[in-house]
Amino acid sequence: MDRNKKIYIAGHRGMAGSAIWRKLSGAGYTNLLGRTSGELDLRDRIAVNRFFEEEGPEVVILAAAKVGGIWANNEFPYEFLIHNLQIQNNVIDAAHSYGIKKFIFLGSSCIFPKYSPQPIKEEYLLSGELEPTNQWYSLAKIAGIKACEALRRQYQKDFICLMPTNLYGPGDNFDLKTSHVLPAMLRKFHEAKGRDHAPVKLWGTGSPMREFMHVDDLASAVLFCLEHQLEETIYNVGTGKDLRIDELAVMIQQITGHSGEILWDASKPDGTPRKLLDVEKLKNKGWQAGIALEEGIKQTYKWYQESV
Ligand SMILES: NC(=O)c1ccc[n+]([C@@H]2O[C@H](COP(=O)([O-])OP(=O)(O)OC[C@H]3O[C@@H](n4cnc5c(N)ncnc54)[C@H](OP(=O)(O)O)[C@@H]3O)[C@@H](O)[C@H]2O)c1
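Using this note's numbering, the letters of the sequence shown correspond one by one to residues 1 to 308.
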């Protein structure tokens, strides 16, 4: 791909968007375009069309969304459904109308059925019930994927949807109410260490299995997809390895240097019992994740201590 192409990264200040920006800049892409939500609210269709008209991006990466963990999804179902639908509809339709040749949409592994066979293949989409706690967010993402699929089928557009597994890394959200499990644990163990190694209370039983990928690996997958012609619409992006949540807790406890007790609050929901992506499809095209979990968490903890 021509490195002077104008590439719009929607959500360029977010964890994923900023990692993609860093990766593309590092790879020599010089014409990157970003707008904060204050400058351009992607829920505003007229403003989005005006932006495409005035700026004329040639490639679009949609990494803007309303994102959050179980608590936030449960608390704000309407916003998770409607804001995400509005953002995607506006950006995907503008990309179609303004003749964008290459479009990358970030979905999420939670679009797959709660009781999918493991590891989860792309074709399991819509083969069973969704996890109820984040169904609002998942349904919006599924609508975005279907819009991209329809554009590929009807208009032969090179629109790709990447389904990343749980992400972590620099720029993550460490707010205990709205964050995902890994950054929430990092903060809890870090703060408990500072309170004389007080016990750390965690949600659920600790038994669910989860996969985690460093956001720089997602950015490398996005770069790979930009630079390769892929025939299909949906590709899982993950490490292909998972671990139990209580194993993750012990790993983070050791990395932060906390030596107190870990308490599990089984009255809180566990969510899907296991969620491991099958990553063979993108691997067969030539891409795979490269950052080991322990190394990635150590780097993220360093970033947290320096930045948050
Ligand atoms: N985090 C994960 O574990 C994970 C896992 C799988 C998939 N994903 C997907 O990756 C994408 C990015 O997630 P993330 O973790 O990077 O989220 P994030 O850190 O919360 O960033 C979200 C970005 O979306 C922008 N945004 C939100 N509402 C907007 C609006 N109305 N108008 C314009 N921009 C808006 C925000 O812009 P401002 O900063 O300017 O407000 C922010 O930059 C999402 O599609 C998500 O579904 C994330």
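Ideal Cβ positions, reconstructed from N, Cα and C, are used throughout, including at glycine.
Output yes or no for whether 8 angstroms exceeds the beta carbon distance between residue i and residue j.
i, j, result
"residue 223", "residue 23", "yes"
"residue 105", "residue 51", "no"
"residue 261", "residue 199", "yes"
"residue 316", "residue 61", "No answer is possible for residue 316: the residues shown for the chain start at 1 and end at 308."
"residue 80", "residue 136", "yes"
"residue 186", "residue 78", "no"
"residue 211", "residue 272", "no"
"residue 251", "residue 294", "yes"
"residue 48", "residue 94", "yes"
"residue 42", "residue 90", "yes"
"residue 238", "residue 184", "no"
Give me the Cα-Cα distance between residue i and residue j, rounded to the nearest whole angstrom.
i, j, result
"residue 215", "residue 16", "6 angstroms"
"residue 299", "residue 92", "34 angstroms"
"residue 132", "residue 163", "19 angstroms"
"residue 7", "residue 265", "45 angstroms"
"residue 144", "residue 126", "14 angstroms"
"residue 75", "residue 177", "10 angstroms"
"residue 2", "residue 196", "55 angstroms"
"residue 147", "residue 115", "25 angstroms"
"residue 58", "residue 30", "13 angstroms"
"residue 124", "residue 194", "44 angstroms"
"residue 63", "residue 175", "20 angstroms"
"residue 55", "residue 227", "22 angstroms"
"residue 44", "residue 139", "20 angstroms"
"residue 292", "residue 156", "37 angstroms"
"residue 258", "residue 306", "18 angstroms"
Run through the DSSP bridge pairs and tell me what residue i is partnered with.
i, result
"residue 166", "212"
"residue 242", "Answer is none; residue 242 lacks a bridge partner."
"residue 50", "The partner list for residue 50 (beta bridge, DSSP) is empty, contrary to what the question assumes."
"residue 10", "62"
"residue 265", "203"
"residue 236", "163"
"residue 298", "Paired residue(s): none; residue 298 is not in a bridge."
"residue 274", "209"
"residue 33", "8"
Which whole runs of the beta strand (DSSP E) in the region 76-145 are 3 residues long or more, in chain order?
102-106
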